[in-house]
Amino acid sequence: MSKKSSRKKSRRGNAGLSPDSSGSKAAGSSGGTEYAGSTTCVVLPVPPITAQTLNKTLSEHSLYGSDDDMELKRKVSSRDGNSDGSGVQPMDVEEQHETSDTDSFVEGIEQMEVMDELAGDEPPALEALDGDAEEPTEGAIEGENSFAEIPPGDAQSLDEVMTGPIHKFARCFDNEGKKEEWPKDPSRKAVAKETLASMQAFRRMTWEAKDEPYAPPEDIDESKEKTQFGVYPMSTPYGCYQAVESYGSGVILTPCHREIVADDRPDLHALFMDDTALDTRSNRRLDLTDIHLSDVFFVEKIGVKKYAQPEDFIVDLAEAVDWSKHKFWQGKRVSRLQRITLRSEIAVLMPKIGTKKQQVFLVNNLPEAATAKTKIVGHHAKQDLYLAVDVTVPACQPGSWSRGYQPSFSDEEAHLRTIDYLLDVPHMLPVITKVDSLDPRRKGIMAVAPNFFGPGVAPTDTEFQRLQTVARLGIFTNEAMRTALYDGMRYRGEVTEVLHQNREEFVIQLQLPKNHGFPQKKWKQGVKVSIRFEEESIGATVIAATVEKDKALVRVRPLRSGVTPQGWSGSVGLQVFVKHQVEDPQRGAVRMLGIKTIPKYADYLPGMKMLAALHMGPSVPEIPDFSNLKRFTISNLELTQEQSSVIHLLSWKGFTACTLSCGPGSGKTTTIIGALVQHHYSSPEDFAVFVANSNSAVVQGAETLKRLDAEDSIHAVRLISSGNCSTIDEHQLSDIDYPRIWQRIIRQKVMQEDKSARRPQDFVISGAQWLWRHHLLSKNDLHNEHLRRALHVPVVGMPEQPRHSLMEVFFRVYKPKVVFGTIDSVRQIFKREKFLENWTHHVKTVMVDESSQVGRHSIINLAYAFPSGRFLLVGDEHQLPPYGEHGYPEELYKLHNGPIFKDAVSLKLLPNLRLSTVYRCPKQSVDLLANLYYEGQLKPYKDAVDTCPILKDLGLPSGHPTLIINTKTMDTRVGTSWCNMKEAEYAAKIAKRFIASSHHPRRTIAVLGYFLPQVHETAARMPNGVFVSTVDASQGREFDVVVLMTTRGEDFKFSGFLCSPERFTVAVSRHKQALIVLCNTDRMKNVENWKALCDDVKPQSTVDADRIAFLRDLPK
2 MSKKSSRKKS RRGNAGLSPD SSGSKAAGSS GGTEYAGSTT CVVLPVPPIT AQTLNKTLSE
62 HSLYGSDDDM ELKRKVSSRD GNSDGSGVQP MDVEEQHETS DTDSFVEGIE QMEVMDELAG
122 DEPPALEALD GDAEEPTEGA IEGENSFAEI PPGDAQSLDE VMTGPIHKFA RCFDNEGKKE
182 EWPKDPSRKA VAKETLASMQ AFRRMTWEAK DEPYAPPEDI DESKEKTQFG VYPMSTPYGC
242 YQAVESYGSG VILTPCHREI VADDRPDLHA LFMDDTALDT RSNRRLDLTD IHLSDVFFVE
302 KIGVKKYAQP EDFIVDLAEA VDWSKHKFWQ GKRVSRLQRI TLRSEIAVLM PKIGTKKQQV
362 FLVNNLPEAA TAKTKIVGHH AKQDLYLAVD VTVPACQPGS WSRGYQPSFS DEEAHLRTID
422 YLLDVPHMLP VITKVDSLDP RRKGIMAVAP NFFGPGVAPT DTEFQRLQTV ARLGIFTNEA
482 MRTALYDGMR YRGEVTEVLH QNREEFVIQL QLPKNHGFPQ KKWKQGVKVS IRFEEESIGA
542 TVIAATVEKD KALVRVRPLR SGVTPQGWSG SVGLQVFVKH QVEDPQRGAV RMLGIKTIPK
602 YADYLPGMKM LAALHMGPSV PEIPDFSNLK RFTISNLELT QEQSSVIHLL SWKGFTACTL
662 SCGPGSGKTT TIIGALVQHH YSSPEDFAVF VANSNSAVVQ GAETLKRLDA EDSIHAVRLI
722 SSGNCSTIDE HQLSDIDYPR IWQRIIRQKV MQEDKSARRP QDFVISGAQW LWRHHLLSKN
782 DLHNEHLRRA LHVPVVGMPE QPRHSLMEVF FRVYKPKVVF GTIDSVRQIF KREKFLENWT
842 HHVKTVMVDE SSQVGRHSII NLAYAFPSGR FLLVGDEHQL PPYGEHGYPE ELYKLHNGPI
902 FKDAVSLKLL PNLRLSTVYR CPKQSVDLLA NLYYEGQLKP YKDAVDTCPI LKDLGLPSGH
962 PTLIINTKTM DTRVGTSWCN MKEAEYAAKI AKRFIASSHH PRRTIAVLGY FLPQVHETAA
1022 RMPNGVFVST VDASQGREFD VVVLMTTRGE DFKFSGFLCS PERFTVAVSR HKQALIVLCN
1082 TDRMKNVENW KALCDDVKPQ STVDADRIAF LRDLPK
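Here the sequence shown stands for residues 2 to 1117, where the numbers follow the numbering used here.
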């Protein structure tokens, strides 16, 4: 165990105790199962558990129990004191004589603390490093920034502003609104605690010092040998500054917070500091050899440089961004902020990204790429893939606005234009200070990762620990790749065009900072942005982004219809601010990790057995042949024998885990939801979970359940937070979303109980209290005295708190039997809610849709979250694997993603069923893919046709459902990608003609491209209502017509990306009626898959673009 892990508090099992647990037997006595609660460990007397008794107890046990059982549980648990601090009682305590066996089973799933076996050494402690320094009190008074009475404007002179006690931007800070959480790290907290008052005091001090003459360096007595660090300054006033660049014989410092410079002190934007400065905590001259870029300093005194002239005092913000212009100030007295250091962490070099002087690494436990000087990397990177590094992590990013910054619309516009756009500062990356070889223990772990298990050998807890360890490494390094695509800049813009024919969209022209450029790669399709109008802010999704000189055009689609403050007609010309919406990378990594404990392995846990089998461990039971068993009909839908086999699989007692390999458009969602419906009819007590990688697949599953459950007997809920509901497209919401239905469900139950005079169950009373808290119920709505008393507000003190969480109340009232959600949402909510976390063992079936796109880390965490679940992994191994950012090292990709589903099918790690009948595509397209990649196993549902009606409607050759249009055009390189302007023009013309000539309003068209610049350029030209996307992002979607842009004008054989079999399969299987391929036919015939497509199409269905009238350019 690493030092870091050994310091953590042991945390096993978070379920409540059974009613007679306290005092039954002393800890350590025999005849019981050891059970760890939140603080103590007790032993429960239980009979031994076998697989047979386990199945029996689970089949007899009710998931929710009767109302009387639940009330008895609540009273007994309350009497015995088995409650957590929140007042939410654990769920798994039922009446003892009915459920003792099942309770024993819960406690039998022992948990073990997750230990990061790849973690580096423990960083130095902070407690002893502050010496006699104390937290500054100046500017640290609660509510000090509340200066609402200060009128806006610039009536004061600069001298009055500088010498006054109140910062000129005080009105822009809101202390009455929500409070931001303080950072937990002491160094980050120290920076965050720099207040407006302290910054104004620093501004005042420096303003008064500008007229003082040059003073020589101070004399030093009794200097310390080592540099000392701390989390408080040694004196006040002070300013937090960060080292951003080496400059001559010293370093350049720039403020951590914008408010020090504001819009009137450009001279403070940069300070020069050399070894004449006094390190006040160390009482010695500053050691320049021990300064890393991104180090933070408490600057306690600055002075005029020796040869500074009055004209060197910068008064123009436009000049301040040039470090060489700052010749006036020099740092005199500083103290060092404690560094955030990771020691001996495992890291991987990214050779394609570095330069001759600097290399880039991905580091474990660090959600951002780190840089290292090439000279310290040495020979290690050439010898080993995995290295051990020491890393210094920035405590902040320079030039940020401080906590509580809430400007008005006019203030934000002024600050953006006069400050942010002018004072560009670099983004500081973590700095690697030491590179070494990995120690033998960790090197041995990585040599076999992730396949830690052995065939025929019983899995051990150590192997599961190591599996979680490498999942952690993959999560952090992948998050670091994702973070690099975040644009932290806010942009001013103006709405220039509104499109609302089908889906509301609008075009915003962004004003770019001078000499800043626009990172178009970071504004790729699908990125979530926040758009602030004067009255309100809305969320939107980027459709396309193009750049023209100093302006960028961004086309966006709001997440909700009709949300613009002045309506669509009045939106053109409105000024807006646009910025990326992105999750904090550290929180994102922690969210994906999701767990602090993992189950100990037991032979009766199907999820754990599946996990071992997927990583070369013992095989799970083979499934029998279901081909001769009965076929099912569900809601008048007759299933095929292959589809019926999935229903038989769920009913088979030996089922542990299985893959379901589905051809494109083979009805997989109908099959697996139909299997759930039929299984529920035969086993109504079973609890199932349906998860997918995308919200679209989740919604499709929920809608399919609604269609197939003709009896409307299955209660289902989609677990999604209110916050996530507000950040996804409205078309990705469903009728069973938890935030949408809990109010109706709980209110119905409360009003039903209100008709009786007897005391309702405790959870109903809690439900009434939650409704009251959300202003959905008042005391006057109720007649039952017990419910009315629960809503009573005392004159003194607080009203009675609900004893149950809102989620627990909902589950007890509604009793859902199927839970839908994305993998992250379901796993997080089950872990966050104690009520659900204690009941994960009741999940009997876990269906993972889109498994071919699900990464290894997700499967690992799902198995740990639902160890008692039987897993059905559904996907297509011939389609695209999980997404990985460009440049992500292949070895890390394997650890993080796999592709685990493809390996499971191709290596036969799990039993496999197959759906081979394709309902979506025309017969010709199915036959093409069957012969290329599916070994002839795909069977078309549709018959071949001699005429494609939809192509005929468009006035195009219609003898084959695939039409190849020879564009005879060349591509243009855009960075590392490609664009073909002519293909974008042709695609737009075809889409416009389709919309104009379509006789069926529900017909859909998509324009797909291989390269992102091509997609952006095409989307910018496209009429409203056309789906424009990359091929990769279209997986899982289907359309009547697909226009496929190949872009490249060079031979296709030189582009592995374009010729990828998985990407080709997705590209030519999205259409239901017609596929139109735009390409240079002379360049595509040297590659097997593209040549097969050309050969499959009739000669008359390959046509030059200039022979199609509506594609020809009009005469000028």
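Glycine included, C-beta positions come from ideal geometry on N, C-alpha and C.
Original post:
Anyone know if the C-beta pair for VAL436 and ALA373 falls short of 8 angstroms?
Top reply: Position 435 of the sequence shown, counting from 1, holds the residue named residue 436. Position 372 of the sequence shown, counting from 1, holds the residue named residue 373. Going by C-beta atoms, VAL436 is nearer than 8 angstroms to ALA373.
Original post:
Roughly how many whole angstroms lie between the Cα atoms of LEU159 and GLN744?
Top reply: Taking the sequence shown and counting its residues from 1, the one referred to as residue 159 is at position 158. Taking the sequence shown and counting its residues from 1, the one referred to as residue 744 is at position 743. Computed Cα separation, rounded: 56 angstroms.
**OP:** Assign VAL316 to buried or exposed, taking buried as 16 or more other Cβ atoms, counted over all protein chains shown, within 10 Å of its Cβ.
**Re:** What you label residue 316 is simply residue 315 of the sequence shown in a count that begins at 1. Burial check for VAL316: the Cβ neighbour count within 10 Å stays below 16, so the residue is exposed.
Original post:
Thinking C-beta only, is ASN694 closer than 8 angstroms to THR823?
Top reply: The count along the sequence shown starts at 1 and reaches residue 823 at position 822. The count along the sequence shown starts at 1 and reaches residue 694 at position 693. Yes, the pair counts as a contact, with Cβ atoms nearer than the cut-off.
Subject >> Nearest-angstrom Cβ-Cβ length linking VAL1008 and GLN1036, presumed shorter than 8 angstroms >> reply: Your numbering for residue 1008 matches position 1007 in the sequence shown. Your numbering for residue 1036 matches position 1035 in the sequence shown. About 16 angstroms separates the two Cβ atoms, so there is no contact after all.
**OP:** Pick helix, strand or coil for ILE167, following the three-state DSSP scheme.
**Re:** Taking the first residue of the sequence shown as 1, we reach residue 167 at position 166. Here ILE167 sits in coil by DSSP.
Subject >> Selected residue, minimal CA-CA separation from LYS707, among THR255, ILE674 and TYR387 >> reply: Walking along the sequence shown from the start, residue 707 turns up at place 706. A check of alpha carbon separations from LYS707 across THR255, ILE674 and TYR387 identifies ILE674 as the nearest.
Original post:
Taking buried to mean at least 16 other C-beta atoms within 10 Å of its own C-beta, is VAL796 buried or exposed?
Top reply: Stepping through the sequence shown from its first residue, residue 796 is reached at position 795. Burial call: exposed.
Original post:
For the beta strand (DSSP E) that contains LEU661, what are its first and last residues?
Top reply: Taking the first residue of the sequence shown as 1, we reach residue 661 at position 660. Its beta strand (DSSP E) spans residues 658-663.
**OP:** Taking the CB atoms as reference points, tell me whether ARG915 and GLU712 lie closer together than 8 angstroms.
**Re:** Counting from one through the sequence shown, the residue named residue 915 turns up at place 914. Counting from one through the sequence shown, the residue named residue 712 turns up at place 711. Taking 8 angstroms as the Cβ cut-off, ARG915 and GLU712 do not qualify as a contacting pair.
**OP:** Report yes or no: do the segment 1067-1085 and the segment 957-977 share at least 3 C-beta pairs separated by less than 8 angstroms?
**Re:** These segments touch.
Subject >> Strand pairing of GLU506, partner residues [DSSP] >> reply: Along the sequence shown, one-based indexing puts residue 506 at 505. For GLU506, the beta-bridge partners assigned by DSSP are LEU500.
Subject >> Under 8 angstroms between C-beta atoms of LYS903 and SER853 >> reply: Taking the sequence shown and counting its residues from 1, one reaches residue 903 at position 902. Taking the sequence shown and counting its residues from 1, one reaches residue 853 at position 852. The Cβ atoms of LYS903 and SER853 lie closer than 8 angstroms to each other.
**OP:** May I ask you to report which of helix, strand or coil DSSP gives THR463?
**Re:** The residue you call residue 463 lines up with position 462 of the sequence shown. Looking at THR463 - three-state DSSP - the assignment turns out to be helix.
Subject >> Local Cβ density within 10 Å of ARG266, reported as buried at 16 or more and exposed below that >> reply: Counting from one through the sequence shown, the residue named residue 266 turns up at place 265. Answer is buried; the Cβ neighbour count reaches 16.
**OP:** Please report the Cβ distance between GLU801 and GLN770, rounded to the nearest whole angstrom; I am assuming they are in contact, meaning their Cβ atoms lie under 8 angstroms.
**Re:** To locate residue 801, count along the sequence shown from 1; it is residue 800. To locate residue 770, count along the sequence shown from 1; it is residue 769. So it is a contact: roughly 7 angstroms between Cβ atoms.
Original post:
Is the Cβ-Cβ distance between GLY608 and PHE872 less than 8 angstroms?
Top reply: Counting from 1 along the sequence shown, the entry for residue 608 is found at position 607. Counting from 1 along the sequence shown, the entry for residue 872 is found at position 871. Result yes, Cβ atoms of GLY608 and PHE872 sit closer than 8 angstroms.
**OP:** Could you tell me how far apart the beta carbons of GLY666 and TYR894 are, in whole angstroms, since I believe they sit closer than 8 angstroms?
**Re:** Here the question's residue 666 lines up with position 665 in the sequence shown. Here the question's residue 894 lines up with position 893 in the sequence shown. About 28 angstroms separates the beta carbons of GLY666 and TYR894, which is beyond the 8 angstroms limit, so they are not a contact pair.
Original post:
Going by DSSP, what residues sit across from GLN360 in a beta bridge?
Top reply: For the purposes of this step, residue 360 is taken as the residue at position 359 of the sequence shown. Residue pairing by DSSP places GLN360 opposite ALA373 in a beta bridge.
Original post:
Between the segment 933-942 and the segment 963-971, do three or more beta carbon pairs fall short of 8 angstroms?
Top reply: Per the Cβ contact rule, the segment 933-942 is not in contact with the segment 963-971 (fewer than 3 Cβ pairs under 8 angstroms).
Subject >> Nearest-angstrom beta carbon gap, GLY1050 and THR970 [assumed within contact, 8 angstroms] >> reply: Here residue 970 corresponds to residue number 969 of the sequence shown, with the count starting at 1. Here residue 1050 corresponds to residue number 1049 of the sequence shown, with the count starting at 1. That belief holds up - the Cβ atoms of THR970 and GLY1050 are roughly 6 angstroms apart, short of 8 angstroms.
Original post:
Going along the chain, which residues of its own chain have a beta-carbon closer than 8 angstroms to the beta-carbon of GLU892, five neighbours each way excluded?
Top reply: Mapped onto the sequence shown, residue 892 falls at position 891. Within the same chain, GLU892 has close Cβ partners VAL349 and LEU386.
**OP:** Name the one or two DSSP bridge partners that PHE764 has.
**Re:** Mapped onto the sequence shown, residue 764 falls at position 763. According to DSSP, PHE764 bridges with nothing at all.
**OP:** Report all residues from its chain with a CB closer than 7 angstroms to the CB of ALA126; omit the five preceding and five following residues, and keep chain order.
**Re:** In the sequence shown, residue 126 corresponds to position 125, counting from 1. For ALA126, the predicted structure reports a pLDDT of 45, less than 50, and the residue's modelled location is therefore unreliable. A value from the coordinates is still provided. Cβ neighbours of ALA126 beyond the five flanking positions: none.
Subject >> PHE148 (DSSP reduced to helix, strand or coil) >> reply: Your numbering for residue 148 matches position 147 in the sequence shown. Confidence is the limiting factor: at PHE148 the pLDDT is only 37, short of 50, which leaves the residue's position unreliable and the question unanswerable from this model.
Subject >> ILE347 and LEU439 closer than 8 angstroms at C-beta >> reply: Within the sequence shown, residue 347 is the residue found at index 346, counting from 1. Within the sequence shown, residue 439 is the residue found at index 438, counting from 1. With respect to the 8 angstroms criterion, ILE347 and LEU439 are classified as neighbours on the basis of their beta carbons.
Subject >> Extent of the continuous alpha helix (DSSP H) run through VAL796 >> reply: Looking up residue 796 in the sequence shown gives position 795. Unbroken run through VAL796: none, as it is neither H nor E.
Original post:
Using the C-alpha atoms, what's the distance from VAL975 back to HIS681?
Top reply: Here residue 681 refers to the residue found at position 680 when the sequence shown is read from its first residue. Here residue 975 refers to the residue found at position 974 when the sequence shown is read from its first residue. Cα-Cα distance, rounded: 54 angstroms.
Original post:
Using the C-alpha atoms, what's the distance from ILE721 back to PRO740?
Top reply: Counting from 1 along the sequence shown, the entry for residue 740 is found at position 739. Counting from 1 along the sequence shown, the entry for residue 721 is found at position 720. Straight-line Cα distance between these residues: approximately 7 angstroms.
Original post:
Going by beta carbon distance, what residues of the same chain come within less than 6 angstroms of GLU61, once the five residues before and after it are set aside?
Top reply: What you label residue 61 is simply residue 60 of the sequence shown in a count that begins at 1. A caution first: GLU61 carries a pLDDT of 36, below 50, which makes its placement in the model too unreliable to give a value.
**OP:** In the DSSP assignment, find the unbroken alpha helix (DSSP H) run with TRP524 in it and report its ends.
**Re:** In the sequence shown, the residue the question calls residue 524 occupies position 523. Element bounds for TRP524: n/a, residue is neither H nor E.
Original post:
What number of angstroms, rounded off, separates the C-alpha of ASP275 from the C-alpha of HIS897?
Top reply: One-based indexing of the sequence shown puts residue 275 at position 274. One-based indexing of the sequence shown puts residue 897 at position 896. If you take the alpha carbons of ASP275 and HIS897, they lie about 45 angstroms apart.
Subject >> Rounded distance between the beta-carbons of PHE1058 and TYR1011, thought under 8 angstroms >> reply: Mapped onto the sequence shown, residue 1011 falls at position 1010. Mapped onto the sequence shown, residue 1058 falls at position 1057. About 7 angstroms; that satisfies the 8 angstroms criterion.
**OP:** Just the C-alpha distance for ASN932 and ALA1093, rounded to the nearest angstrom, thanks.
**Re:** What you label residue 932 is simply residue 931 of the sequence shown in a count that begins at 1. What you label residue 1093 is simply residue 1092 of the sequence shown in a count that begins at 1. Answer to the nearest angstrom: the Cα atoms are 10 angstroms apart.
Subject >> Coarse secondary structure for PHE578, derived from DSSP in three states >> reply: Position 577 of the sequence shown, counted from the first residue, corresponds to residue 578. Residue state, collapsed to three classes: strand.
Subject >> Rounded Cβ spacing between VAL1016 and MET1023 (contact assumed at less than 8 angstroms) >> reply: Here residue 1016 is taken as the residue at index 1015 of the sequence shown, counted from 1. Here residue 1023 is taken as the residue at index 1022 of the sequence shown, counted from 1. In fact, because the Cβ distance is near 10 angstroms, the residues do not count as touching under 8 angstroms.
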